[in-house]
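Report on the following structure.
Numbering (our numbering), first residue to last: 24 to 103.
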């Protein structure tokens, strides 16, 4: 990040940003790198276009909140 010459920030997978020197007790810092591909595969294999079902499946599987999973899915939609 150009605005961070001291390298205090770190970007985790799925675009979550945190402080390099802080330990986070969160599953969000260790999400699979290619989560978008896994979500696409799930949608195609299950012929599922219901975001609620996709959200529930992955938030339960990854042990993260429904709100965080909704954010990730929305990011995938917006930047596809």
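By construction, the Cβ of each residue, glycine as well, lies at the ideal position given by its N, Cα and C atoms.
One or two residues paired with residue i in a DSSP bridge
i: residue 34; result: 40
Outcome for residue i when other beta-carbon atoms lying within 10 angstroms are tallied against a minimum of 16
i: residue 40; result: exposed
i: residue 34; result: exposed
i: residue 27; result: exposed
i: residue 54; result: buried
i: residue 76; result: exposed
i: residue 62; result: buried
Cα-Cα separation, residue i to residue j
i: residue 88; j: residue 29; result: 32 Å
i: residue 56; j: residue 45; result: 21 Å
i: residue 71; j: residue 64; result: 10 Å
i: residue 68; j: residue 31; result: 41 Å
Cβ neighbours of residue i in the same chain (closer than 6 Å, five flanking residues each side left out)
i: residue 82; result: 89, 92
Close-in-space but distant-in-sequence residues of the same chain around residue i (CB under 8 Å, 5 per side omitted)
i: residue 51; result: 35, 37, 39, 87, 91
Chain-order list of residues whose beta-carbon lies under 7 Å from that of residue i (same chain, five-residue window excluded)
i: residue 78; result: 89, 92, 93, 96
- Message: Quick check for students: name the residue ranges of the alpha helix (DSSP H) that lie wholly in the segment 38 to 93, counting only runs of 4 or more.
- Response: Runs of the alpha helix (DSSP H) inside the segment 38 to 93: 58 to 69, 74 to 85.
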